[in-house]
Amino acid sequence: MSAGPAVVVENVAKVYRRFQHRHQFRTLKSAILTGSLLTDLTPDETFTALDDVSFEVPRGTMFGVIGENGSGKSTLLKLLAGITKPTRGTVKVRGRVSALIELGAGFHPEISGRENVAINGIMLGLTRREIQERFDEIVAFAELERFIDAPVKTYSSGMYMRLGFAVAVHADPDVLLVDEVLAVGDEGFSRKCLDKIGEFRRRGKTIFFVTHSLGLVEKMCDDALWLRKGRMVERGDPKRVVDAYLTYVAGGEEALLARDHAQGAATDPTAGGYREGRWGNREVEITRVRLLDDRDHERHVFVPGESLTVELGVRAAVPVEDFVFGVGIFTSEGVSVYGTNTDLEDYGPEQLDGEARVRFVIERLDLVEGSYLLDIAAHKKDGTPYDYHRGLSAFRVKSHIKDVGLYRPSHHWVFEGPVRLSPPRPRAELDLHDAASDNTTPPHAALDVVAARAQRQAWREAGLSVVLTNGCFDLLHAGHVSLLESARGLGDRLIVAINSDRSVRALKGPQRPIVPEAERAETLLAMECVDGVVTFDEPTPAEVIGALEPDVLVKGADWGEQAIVGRETVETRGGRVVRVPLVPGQSTTALIDRIRRT
Amino acid sequence: MIAQIAQLLRYRLLIQSLVARELKARYRGSVLGFFWSFVNPLLLLLTYWLVFSRVLVGMRPQTVTPYFLFLFCGILPWTWFSASIAQAAGVLIAGGNLIKKVLFPAEVLPVVAVLSNMVHFLLGLPILLFFLIYKGKLTLTALLLPLPLLVQLVLTLGLALFVSALTVHFRDIQDLLSHILQVWFFLTPIIYFYGDMSGKIRTVLRLNPMTHVMVAYQEILFQGRFEHIGGLVAAAVVAVIVFMVGALLFDRLRDTLAEEV
Numbered sequence: 001m002s003a004g005p006a007v008v009v010e011n012v013a014k015v016y017r018r019f020q021h022r023h024q025f026r027t028l029k030s031a032i033l034t035g036s037l038l039t040d041l042t043p044d045e046t047f048t049a050l051d052d053v054s055f056e057v058p059r060g061t062m063f064g065v066i067g068e069n070g071s072g073k074s075t076l077l078k079l080l081a082g083i084t085k086p087t088r089g090t091v092k093v094r095g096r097v098s099a100l101i102e103l104g105a106g107f108h109p110e111i112s113g114r115e116n117v118a119i120n121g122i123m124l125g126l127t128r129r130e131i132q133e134r135f136d137e138i139v140a141f142a143e144l145e146r147f148i149d150a151p152v153k154t155y156s157s158g159m160y161m162r163l164g165f166a167v168a169v170h171a172d173p174d175v176l177l178v179d180e181v182l183a184v185g186d187e188g189f190s191r192k193c194l195d196k197i198g199e200f201r202r203r204g205k206t207i208f209f210v211t212h213s214l215g216l217v218e219k220m221c222d223d224a225l226w227l228r229k230g231r232m233v234e235r236g237d238p239k240r241v242v243d244a245y246l247t248y249v250a251g252g253e254e255a256l257l258a259r260d261h262a263q264g265a266a267t268d269p270t271a272g273g274y275r276e277g278r279w280g281n282r283e284v285e286i287t288r289v290r291l292l293d294d295r296d297h298e299r300h301v302f303v304p305g306e307s308l309t310v311e312l313g314v315r316a317a318v319p320v321e322d323f324v325f326g327v328g329i330f331t332s333e334g335v336s337v338y339g340t341n342t343d344l345e346d347y348g349p350e351q352l353d354g355e356a357r358v359r360f361v362i363e364r365l366d367l368v369e370g371s372y373l374l375d376i377a378a379h380k381k382d383g384t385p386y387d388y389h390r391g392l393s394a395f396r397v398k399s400h401i402k403d404v405g406l407y408r409p410s411h412h413w414v415f416e417g418p419v420r421l422s423p424p425r426p427r428a429e430l431d432l433h434d435a436a437s438d439n440t441t442p443p444h445a446a447l448d449v450v451a452a453r454a455q456r457q458a459w460r461e462a463g464l465s466v467v468l469t470n471g472c473f474d475l476l477h478a479g480h481v482s483l484l485e486s487a488r489g490l491g492d493r494l495i496v497a498i499n500s501d502r503s504v505r506a507l508k509g510p511q512r513p514i515v516p517e518a519e520r521a522e523t524l525l526a527m528e529c530v531d532g533v534v535t536f537d538e539p540t541p542a543e544v545i546g547a548l549e550p551d552v553l554v555k556g557a558d559w560g561e562q563a564i565v566g567r568e569t570v571e572t573r574g575g576r577v578v579r580v581p582l583v584p585g586q587s588t589t590a591l592i593d594r595i596r597r598t
Numbered sequence: 001m002i003a004q005i006a007q008l009l010r011y012r013l014l015i016q017s018l019v020a021r022e023l024k025a026r027y028r029g030s031v032l033g034f035f036w037s038f039v040n041p042l043l044l045l046l047t048y049w050l051v052f053s054r055v056l057v058g059m060r061p062q063t064v065t066p067y068f069l070f071l072f073c074g075i076l077p078w079t080w081f082s083a084s085i086a087q088a089a090g091v092l093i094a095g096g097n098l099i100k101k102v103l104f105p106a107e108v109l110p111v112v113a114v115l116s117n118m119v120h121f122l123l124g125l126p127i128l129l130f131f132l133i134y135k136g137k138l139t140l141t142a143l144l145l146p147l148p149l150l151v152q153l154v155l156t157l158g159l160a161l162f163v164s165a166l167t168v169h170f171r172d173i174q175d176l177l178s179h180i181l182q183v184w185f186f187l188t189p190i191i192y193f194y195g196d197m198s199g200k201i202r203t204v205l206r207l208n209p210m211t212h213v214m215v216a217y218q219e220i221l222f223q224g225r226f227e228h229i230g231g232l233v234a235a236a237v238v239a240v241i242v243f244m245v246g247a248l249l250f251d252r253l254r255d256t257l258a259e260e261v
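The listed protein sequences derive, respectively, from chains A and B.
The opening position of the first sequence corresponds to residue 1 in the numbering used here, with each subsequent residue numbered one higher.
The opening position of the second sequence corresponds to residue 1 in the numbering used here, with each subsequent residue numbered one higher.
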């Protein structure tokens with residue numbers, strides 16, 4: 001395939017035509033009578049879904065499109081898929097396209113999953129042989145091994161979508177078009193879809209992504225486009241596009257108008273105030289906004305109850321005596337959660353001259369899970385803005401508890417009398433400190449699977465790849481060190497899964513383990529190359545591997561490739577399995593023998 | 001026309017698997033399953049035979065005996081024809097999901113409707129042949145069977161394309177169609193013998209391409225001769241024209257399908 005952009009859209013417009021029913025009936029009659037069937041098919045009303053849209057998507061990048069409902073996102077996707085043709089302009093897509101517009105479209109309910117996979121594959125342009133080769137992979141990915149021969153009508157909607165997704169991604173497209181589909185299905189499935197999309201990206205495929213999930217666009221896309229009423233509003237760096245969109249969503253039309261208005265009044269019209277969602281005369285300028293956690297690390301994701309500090313760098317070109325600093329928190333829907341300023345709280349301004357730092361410290365961030373936008377402002381007492389940032393900063397609150405509303409008052413439950421409840425499942429509350437800072441501190445004790453998973457998730461969010469290896473490690477020796485060091489070399493973080501004492505006994509007999517699990521964990525964690533230890537009770541690490549979904553699974557080369565537990569799990573989720581050569585003569589069993597003999 | 005056929009050949013794998021799916025799905029869950037392919041034409045045959053041998057005895061043509069076998073020779077291909085057209089009318093609307101959400105060659109759907117009904121026809125054929133042999137009617141002319149079959153196939157495909165694309169824009173056609181097919185049935189020599197007709201009626205019948213196809217079937221299978229060659233050739237020409245018009249119309253409306261379905 002030649003180089004150059006994967007998708008080229010040039011001055012594209014799409015005009016839909018509407019026919020009215022009564023009109024239609026008349027047309028049929030007169031059309032038959034006059035025989036002018038084709039010429040009579042003229043619309044009496046048109047609707048412009050897209051207008052003057054142009055962009056290119058370079059190969060191997062991920063392109064996100066955001067916008068409200070009815071902004072033309074889906075129409076754009078259909079044009080790229082070739083389902084409809086543009087009214088004006090051209091659309092060029094190079095390579096095989098697979099569209100995840102509606103998962104499982106074209107499944108026939110009466111026939112089995114197996115037959116549907118075959119037919120769906122053919123529809124997506126695969127040959128019989130290709131389908132046969134990929135069949136097992138598809139079924140494994142959809143996790144439908146047991147049901148693949150049942151008619152599709154007996155599937156749950158989740159199963160249906162899993163199968164649809166599995167077929168579509170295994171069609172091995174060069175360009176993958178993804179609609180909102182990922183939002184549906186359970187969390188595990190969405191994650192799996194995202195993993196698969198990540199894998200596509202690594203393989204240099206082009207992904208075109210239409211979504212309402214702004215976080216995903218910011219996190220995953222290289223480039224973004226915001227459509228409003230069929231027109232391009234903003235295009236470029238995803239963060240900037242999302243910010244601009246959020247500003248618009250938060251303030252609606254009014255904010256846009258205010259911005260336009262403010263720009264007209266701004267002293268410096270070249271400041272680009274419009275783009276950044278910012279207005280004011282800049283006599284006092286907010287030069288920097290940072291969101292900090294309790295360790296003063298910059299962060300954008302917080303856990304309820306943590307502290308959040310909004311730090312403003314401000315600068316007054318000339319000394320001012322009339323100034324107010326304000327902060328407002330809004331939900332992504334634009335609902336005001338809280339707002340205050342120094343004037344409301346009776347701080348009397350005296351003087352601001354040159355550069356200063358203002359910190360607004362929220363001791364406990366008692367908010368429910370969600371995305372929040374900040375209004376940050378410096379203005380006069382009468383409200384005349386110096387520098388008003390609307391929705392330019394955002395943060396997200398993440399929680400295991402899916403409570404609702406806006407505000408989470410600090411609370412607890414008390415039960416008295418004949419009422420019994422089992423205590424809540426212990427959950428590892430997310431620790432996001434590590435995810436944010438570059439200096440990722442490893443945990444200092446063995447984790448259970450849930451906590452390890454949270455840790456792994458945090459690492460993943462920080463863009464770090466995770467290596468997993470497992471074993472008993474009940475007598476650490478040089479062979480282990482070399483294995484662990486090579487393992488760590490294969491990724492950014494290494495988690496070692498160790499068999500619990502009970503598990504070791506079951507595997508190796510009552511004499512083992514020589515060193516109990518807590519001490520084993522401690523020893524391993526003392527090594528520089530080990531970032532986390534997780535203990536598991538089962539005879540095999542299958543469950544741990546499934547839960548942690550490592551990017552790399554490492555085993556000693558004494559293991560046959562087929563014998564490695566969890567190999568398939570890792571590979572179907574886009575990870576790889578690596579066998580590391582062992583140091584000859586170094587093994588725990590040999591060591592024990594040697595001790596016995598002396 | 002060559003281009004259109006080439007196009008269809010390109011999709012043959014898809015068409016093939018969709019026809020297979022159609023056949024599998026059709027009777028899944030029913031007790032008789034695939035036997036419905038045989039039972040359906042038999043029941044239809046039984047109905048007409050009862051009417052003409054018990055109720056309207058005097059109306060039945062005396063020139064062809066046994067009458068039920070004559071009837072069978074016409075009803076079987078007619079069922080293919082009418083079921084195909086009726087199904088094709090709704091097939092794009094029913095398959096709207098495919099056309100709207102997937103890059104899918106829409107013309108495949110009416111073609112699948114015609115071909116899956118053809119399979120039912122071919123499955124019914126052995127029963128007819130069995131009765132023909134049983135009554136000693138079958139001769140070597142039966143080897144000419146592919147001729148009317150081919151003409152009918154092209155004609156049906158053309159009409160199916162035409163009707164399916166047009167129905168998307170004019171839903172009325174779906175309702176109208178059952179009546180048109182009913183009238184068409186009686187204007188085709190199936191329950192009566194073409195040779196018995198004369199005058200104006202014969203002229204009208206002659207304008208109907210299906211007449212010639214039916215007469216060809218009846219001659220080849222039932223009468224053991226084939227003299228209606230001119231008629232079949234004329235029907236073939238009409239069939240090709242209908243196919244071209246149908247394909248052209250479908251092509252012209254193709255871009256509107258995804259929006260109007």
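Even for Gly, the Cβ is constructed at its ideal location relative to N, Cα and C.
Owing to the predicted nature of the structure, the values given are computational and were not obtained by experimental measurement.
For D353/A, the uninterrupted beta strand (DSSP E) segment begins and ends at L352 to I362.
Non-local C-beta neighbours of K78/A in its own chain, meaning closer than 6 Å and more than five positions away in sequence, comprise T84, ordered along the chain.
W226/A counts as buried, since at least 16 other C-beta atoms from the protein chains shown sit within 10 angstroms of its C-beta. For M62/A, no alpha helix (DSSP H) encloses it; the enclosing beta strand (DSSP E) starts and ends at M62 to I66. Rounded to whole angstroms, the Cβ separation of S410/A and G370/A is 18 Å, and the two are not in contact under 8 Å.
Rounded to whole angstroms, the separation of the alpha carbons of L132/B and R94/A is 58 Å.
Here the alpha carbons of R162/A and E180/A stand approximately 14 Å from one another. Excluding its 5 nearest sequence neighbours in each direction, V515/A has C-beta neighbours in its own chain below 7 Å: D474 and L475, listed in chain order. At a cut-off of 7 Å between beta carbons, N97/B contacts chain A. Annotation: R240/A to F189/A spans about 29 Å, alpha carbon to alpha carbon.
In the DSSP assignment, no residue is bridged to G136/B. In summary, F47/A is exposed, with fewer than 16 beta-carbon neighbours lying within 10 Å of its beta-carbon over all protein chains present. Residue pairing for E218/A: DSSP places it in no beta bridge. Rounded to the nearest whole angstrom, the C-alpha separation of F147/A and G158/A is 13 Å. In terms of beta-carbon proximity, R28/B lines the interface with chain A, with at least one pair separated by less than 7 Å. In this structure, A563/A keeps its C-beta atom at 7 Å or more from the C-beta atom of F536/A. Taking CB atoms only, K135/B has no neighbour in chain A less than 7 Å away. The C-alpha of E110/A lies about 27 Å from the C-alpha of S178/B. In this structure, DSSP gives D172/B a helical state, which the three-state scheme calls helix. One Cα belongs to A13/A, the other to R88/A, and the distance between them is close to 5 Å. Ranked by Cα distance from W559/A, the first of V552/A, E568/A, P550/A and P581/A is P581/A. Distance from the CA atom of V242/B to the CA atom of G224/B, rounded to whole angstroms, is 30 Å. Considering only L249/B, L9/B and F222/B, the residue with the shortest C-alpha distance to A142/B is F222/B. Annotation: the stretch 86-115 of chain A contains the following complete segments of the beta strand (DSSP E) (minimum length 3 residues), in chain order: 88-93 and 97-100. At a cut-off of 4 residues, the continuous stretches assigned as alpha helix (DSSP H) that sit fully inside the stretch 155-191 of chain A are 157-170.
The beta carbon of V320/A sits closer than 7 Å to those of E283, V284 and L352, all from its chain and outside the five residues before and after it, given in chain order. Between L98/B and G106/A, the C-beta gap is smaller than 7 Å, which places the two residues in contact. Of the candidates S82/B, P105/B, F70/B and R28/B, the residue whose Cα lies closest to the Cα of Q7/B is P105/B. Of N341/A, V314/A and L591/A, the smallest CA-CA separation from G326/A is found for N341/A. Distance from the Cα of I180/B is smallest, within the candidate group L71/B, V55/B and A89/B, for A89/B.
Residue range R128 to A142 is occupied by the alpha helix (DSSP H) that includes V139/A. In this structure, the CA atom of A166/A is about 23 Å from the CA atom of A6/A. For D501/A, the enclosing alpha helix (DSSP H) covers residues D501 to K508.
What Y248/A touches in chain B, judged by beta-carbon distance under 8 Å, is nothing: the nearest beta carbon there is about 29 Å away. Contacts with chain A (Cβ-Cβ distance below 7 Å) from the stretch 146-178 of chain B involve H169, F170 and D172, listed in chain order. Here G313/A really is in contact with R288/A; their C-beta atoms are around 4 Å apart, less than 8 Å.
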